[in-house]
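Enquirer: Here it is: the structure, laid out below.
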Amino acid sequence: MKFSTSTLALSLVLLVALGTLLVGVLPRGSGSSSPASLPTSPDAAHPLPAASTGIFRSHVAPTSGESSLVSRPHAPTLTTAGDAPAAVGLSWSATNDIFYANYTVFGSSAGPSGPWSFFGVVTPQTATSFSTGSLSPGATYWWQVLEYNSFGGSSGSNVVAQTQPTLAYLTFTKPTSSSADFNWTNNATYGGAVGFVTYSLYEEKNGSAPLLVATVVNPSTRTFTVTGLAGGVGYSFYLNTTECYVACGQGGQQLSTTESNPVTFGTTFTLGASLSATRTVIDTGESDLFTCNPSGGVAPFNYTWTFGAGSPTPGPGSESRSFPSAGPASVNCEVTDSTSAHANAATTISVNAAPTLTLTTNRTTADVGEGITFGCVPHQGTPPFATGWSFGDGSPNGSASAIHSYTSSGRFSATCSAVDATDTQTATSLSLAISPALGVSATVSSAVAAPGTPLQFRALVRNGSGTFPTLTWSFGDGNVGPTNKANATHAYLGPGAFTATFRVTDSNGITVSTTVPLQIRALTVTVLPLSASTTTGSSMLFNATASGGAGAPYNYTWTFGDGKVGYGANLHHAYASAGTYHPTVLVRDPLGATNSSALPALSVTVPPPPQPLLSALGLLAVAFLIGLLLALVAFSRLKRTQSEELQSKAPWVPQTDPSRTVKGVKICRSCGTANLPIRSTCQACGADLPRWAQRGS
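Using our numbering, you'd call the opening residue of the sequence shown number 178 and step up by one each time.
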């Protein structure tokens, strides 16, 4: 048995799918990661953008109660690729799963068991890196990547703990009264998407606005000397470190800037403090970075933070914090210098409820090629929103309101993602079941028939949802078939051209139809006219021609009225007895339709007795003819005798000149030489001479 290449490829795909499903049926402990390590209370407030579109997609991490009857994809191996105080880059191994759907990144600041927050989705199968910012310097985060496949199954990577580097620490020495040598630290590890941009050294004189005095673009250069310092002036310096973690060096790159501790020297100023927030409006669950900036006083400084109604807590000069409930949130920072002087700074930000999405669609089941309407409406959060759909089949993304049709069957996950004005991202998915395109074909037992002939109509439905609540035959003459039956029987009452239509609607609401053309023709018979009378024993030709109905071949049955029956379109029949008869012919087409025709009444009589063969005049005529015949015979014999006598003498007459005939000699027929009678050959030319006896001339 031979198999085509396409058949072998399809078989391989089915075997791989079966193996994948069998893996999904195994107990949870057989996977590459335990469900205890998967997110148990996912928070969709922190997805990251898909790099290609700026629209965000996500899948909710599986819970501990997730069904085991899902296909388990390959579990990736996760590592950190680089970090900075407020940013981190992650990397993992690629999968070769043919049913791959996406990688989804989750993070937790509470511990390796969560609770977990959603940070983003990576859709290209070969893209195995991810980075994010707005993290708290010095804090520890736990990270995990889940790979999802097209069947809804997932496998989690190993959990990686990552402690963020601390802020740069700035120190100085004064080699002269008019100069200062600054040194600083940088604990970042650059790699993956996390890269260095600049060091920026700022100077404040007597509490004035900061002035940029140096920009260093080499991450290994961590010293700078400031000259031209004046006496009697109070100076304060601090260092900003800027790193890139998304699209570095390209349009739309995302940067992270952190500030070092301040250093002061010169004339002492009264200790003061100011507090700044990266954003004044955030959503619940979203982190904001707060920086406390002392002025004046005597370094080093200590910081105490109070968030909302919480207790004062010591900390670094910058703190990253999220708020669990919506409303105004107050933040206070107290600065204490080395002389125990105190200064306070406070700010208030607005916290909005985390955004949510309401998804709408006109159907979650459909056939291939059927348009599905998708709608996505964001709620809460901070307007405006950027909203879009990804349909899970590799097609281009759609807007918040989109109409999409699938070109292949299977299960798909369509995801709506939204980003609000605070860069908070959220996503929600719909599961869709797409059936193969619905098809139908129909046949009829005969496309031509006579009126009244029962015809069998049959329809075959293929693909679709597999459930067909509506099946309808309409025959084109105002009649319909039985309800929800694919097969029907119908007879047309009159002739004409008709079109029978079969319609089917599957449970997805898709309707398709097909038609069957028919010709209904009256069955007619034409009989060859007969003589109105005949005699007994005389053979008569009976002839009929049929047309219409289901077409040839036709069956002809003759009834002659004398108890005899004949078959065929043409036949002979002789009546044995005199009388009046009424012959008829019955015609039947291949489907059993019939029509008959009656011939006019036929009168059959007995023929009259035979007459004498010859009269007297006839006898005289016969005698004359016989005499004439005998005379002709005698004359003929006489002529023949004369002819034979002439032929017997003919050899004595030479075929040349008759005057040269000599008595008692033989004349050569070839050269005309006279020869003695006793010679058998010519003495001149040697030709044979006649052998007859001498008779004289």
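Beta carbons: idealized from backbone N, C-alpha and C, even for Gly.
Ignore the nearest five residues each way along the sequence and tell me which others in Lys179's own chain have a CB closer than 8 Å to its CB.
Expert: At Lys179 the pLDDT is 44, less than 50, meaning the model places this residue with poor confidence; the figure from the coordinates comes in the next sentence. Contacts found: none.
Enquirer: Buried or exposed for Ile611, please, with buried defined as at least 16 other CB atoms from any protein chain shown within 10 angstroms of its CB.
Expert: buried
Enquirer: Does the segment 396-416 touch the segment 437-452, meaning 3 or more C-beta pairs lie closer than 8 Å?
Expert: yes
Enquirer: For the beta strand (DSSP E) containing Val545, name the first residue and the last one.
Expert: No beta strand (DSSP E) holds Val545; DSSP gives it neither H nor E.
Enquirer: Which residue spans inside the segment 778-818 form an unbroken beta strand (DSSP E) run of at least 3?
Expert: 779-782
Enquirer: Taking the beta carbon of Ala798 as the centre, do at least 16 other beta carbons fall within 10 Å, making it buried, or is it exposed?
Expert: With a threshold of 16 other beta carbon atoms within 10 Å, Ala798 falls short and is exposed.
Enquirer: Where Gly504 and Ala531 are concerned, what is the direct C-alpha to C-alpha distance, given to the nearest angstrom?
Expert: Whole-angstrom Cα-Cα distance: 11 Å.
Enquirer: By Cβ distance, which residues of its chain are closer than 8 Å to His581, with the 5 residues on each side in sequence left out?
Expert: Gly548, Ile549, Phe551, Trp566, Phe568, Ser572, Gly575 and Ala591
Enquirer: For Tyr277, which three-state DSSP category applies?
Expert: In the three-state scheme derived from DSSP, where H, G and I count as helix and E and B as strand, Tyr277 is classed as strand.
Enquirer: Give the straight-line distance between the Cα atoms of Ser286 and Thr447, rounded to the nearest whole angstrom.
Expert: 38 Å
Enquirer: Beta-carbon separation of Ala663 and Pro631 under 9 Å?
Expert: For Ala663 and Pro631, no; Cβs fall outside 9 Å.
Enquirer: Per DSSP, what kind of secondary structure is Tyr731 in: helix, strand or coil?
Expert: coil
Enquirer: Whose C-beta lies closer than 7 Å to the C-beta of Ser515 among residues of the same chain, with five residues either side of it excluded?
Expert: Val475, Ala476 and Pro477
Enquirer: Can you name, in chain order, every residue of its own chain whose Cβ lies under 7 Å from the Cβ of Phe401, other than the five neighbours on each side?
Expert: Phe359, Leu378, Ala391 and Val393
Enquirer: For Pro694, which residues of its own chain have a beta-carbon under 6 Å away from its beta-carbon, when the five flanking residues on both sides are left out?
Expert: Thr676, listed in sequence order.
Enquirer: Could you check the C-alpha separation between Gly369 and Thr303 for me, to the nearest Å?
Expert: 15 Å
Enquirer: DSSP state of Trp650, grouped into three classes?
Expert: In the structure shown, Trp650 sits in a strand (DSSP, three-state: E or B).
Enquirer: Going by the beta-carbon positions, is the gap between Asn335 and Thr542 smaller than 9 Å?
Expert: no
Enquirer: Is the distance from the Cβ of Cys553 to the Cβ of Thr524 below 9 Å?
Expert: no
Enquirer: Per DSSP, Leu466 forms a beta bridge with which residues?
Expert: Ser497
Enquirer: Give the straight-line distance between the Cα atoms of Ala506 and Asn364, rounded to the nearest whole angstrom.
Expert: 32 Å
Enquirer: If you draw a straight line from the alpha carbon of Ser522 to that of Val322, how long is it in whole angstroms?
Expert: Here residue 522 is Ala; the residue named in the question, Ser, does not match the sequence. Using only the alpha carbons, I get a separation of about 40 Å.
Enquirer: What residue range does the beta strand (DSSP E) around Tyr583 cover?
Expert: Per DSSP, Tyr583 belongs to no beta strand (DSSP E) and is neither H nor E.
Enquirer: Could you please give me the residues that DSSP links to Trp566 through a beta bridge?
Expert: DSSP, once it has assigned bridges, lists Gly575 and Cys593 as partnering Trp566.
Enquirer: Please report the distance separating the alpha-carbon of Thr353 from that of Thr404.
Expert: 9 Å
Enquirer: Starting from the N-terminal side, write out each stretch of the alpha helix (DSSP H) that is 4 residues or longer and does not extend beyond the segment 256-320.
Expert: none
Enquirer: Does the beta-carbon distance from Phe679 to Leu707 come in below 9 Å?
Expert: no
Enquirer: Would you tell me roughly how many angstroms separate the C-alpha atoms of Phe484 and Asp544, rounded to the nearest one?
Expert: 55 Å
Enquirer: From Ala252 to Val299, what distance separates their C-alpha atoms?
Expert: 15 Å
Enquirer: Spatial neighbours of Ala861 within its chain, please: CB distance less than 6 Å, with the 5 preceding and 5 following residues excluded, ordered by chain position.
Expert: Cys848 and Thr850
Enquirer: Roughly how far, in whole angstroms, is the beta-carbon of Gly494 from the beta-carbon of Asn539, given that I think they are within contact range, below 8 Å?
Expert: That pair is no contact at about 55 Å.
Enquirer: To the nearest angstrom, how far is it from the Cα of Asn640 to the Cα of Trp269?
Expert: 41 Å
Enquirer: Within 10 angstroms of the Cβ of Ser874, are there 16 or more other Cβ atoms? Answer buried if so, exposed if not.
Expert: Caution is warranted here: a pLDDT of 36 is assigned to Ser874, below 50, making its placement in the model unreliable, and the coordinate value is therefore given only provisionally. Flag for Ser874 reads exposed.
Enquirer: Which residues bound the beta strand (DSSP E) around Thr550?
Expert: Ile549 to His556
Enquirer: Using the C-alpha atoms, what's the distance from Leu768 back to Arg698?
Expert: 13 Å
Enquirer: At what residues does the beta strand (DSSP E) containing Tyr367 begin and finish?
Expert: From DSSP, Tyr367 is part of no beta strand (DSSP E); its letter is neither H nor E.
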